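Each remark here refers to the structure printed beneath this line.
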Amino acid sequence: MDAWWLAFRQLYAYTVSTPFNPILYADMAEHTHHFANWPFPDDADTISYCTGKVAHENFPVLRVTHDHDGDWQFLDATTDDPGEPVLVCLGCVFERDATLSDIADLPRGWCAYRSAIGEDWECWEKPLEADGDDEHE
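Numbering of the sequence shown is given in my numbering, commencing with residue 71 and proceeding in unit increments.
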């Protein structure tokens with residue numbers, strides 16, 4: 071493990087608590103998931119971002135962004151100011167809501183929105199320069 075990663079782990083030890091499995095972000099690489107049918111192109115241990123409401127308050131994922139750089143964001147879509155992101159592995163997000171398999175093939179640079187779990191996803195491509203701005207146009 072390189073020195074940068076070790077320093078990162080020491081500086082940013084995020085705790086993820088219920089409804090996800092309680093894991094320390096620094097130990098994320100040490101927990102695993104085993105899914106019979108893994109739908110995402112990225113590994114289950116891929117770091118993703120979600121809102122505190124999704125991670126800690128059991129809000130449903132209603133908006134997903136697959137950034138141009140490959141990052142995944144899982145948002146509750148209840149506010150324009152989602153607060154600080156919570157880092158969780160992709161497997162933990164999927165474990166909580168298997169309906170996310172419907173957008174597992176969302177290409178990089180695309181967003182998806184649904185009004186509730188079980189509803190159809192509306193997907194759109196966002197311009198490269200909008201990667202810091204998730205607004206649906």
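Where a beta carbon is used, it is the ideal one built from N, C-alpha and C, also for glycine.
Bear in mind the structure is a predicted one, so any value in this text is a computation, not a measurement.
Bridge partners - residue i, DSSP secondary structure assignment
{"i": "residue 162", "result": "Paired residues: none, contrary to the question."}
{"i": "residue 135", "result": "143, 181"}
{"i": "residue 117", "result": "159"}
Per-residue DSSP class, three states only, for residue i
{"i": "residue 94", "result": "Bear in mind that a pLDDT of 39 at residue 94, under 50, signals an unreliable position, so the model cannot answer this."}
{"i": "residue 127", "result": "helix"}
{"i": "residue 154", "result": "coil"}
{"i": "residue 199", "result": "helix"}
{"i": "residue 170", "result": "helix"}
{"i": "residue 189", "result": "coil"}
Unbroken beta strand (DSSP E) run spanning residue i, endpoints
{"i": "residue 194", "result": "192-195"}
Integer-rounded CB distance, given that residue j should sit under 8 Å from residue i
{"i": "residue 136", "j": "residue 184", "result": "That pair is no contact at about 15 Å."}
{"i": "residue 155", "j": "residue 120", "result": "7 Å"}
{"i": "residue 199", "j": "residue 180", "result": "So it is not a contact: roughly 15 Å between Cβ atoms."}
Report task. Could you tell me whether the region 117-127 touches the region 168-187, using the rule of 3 or more Cβ pairs below 8 Å? Result -> no
Query raised in the report: Is it a yes or a no for the region 188-195 touching the region 135-143, going by three-plus beta-carbon pairs under 8 Å?
Result: no
**Report entry** the region 104-115 in contact with the region 153-166 per 3-pair CB rule at 8 Å
**Finding:** yes
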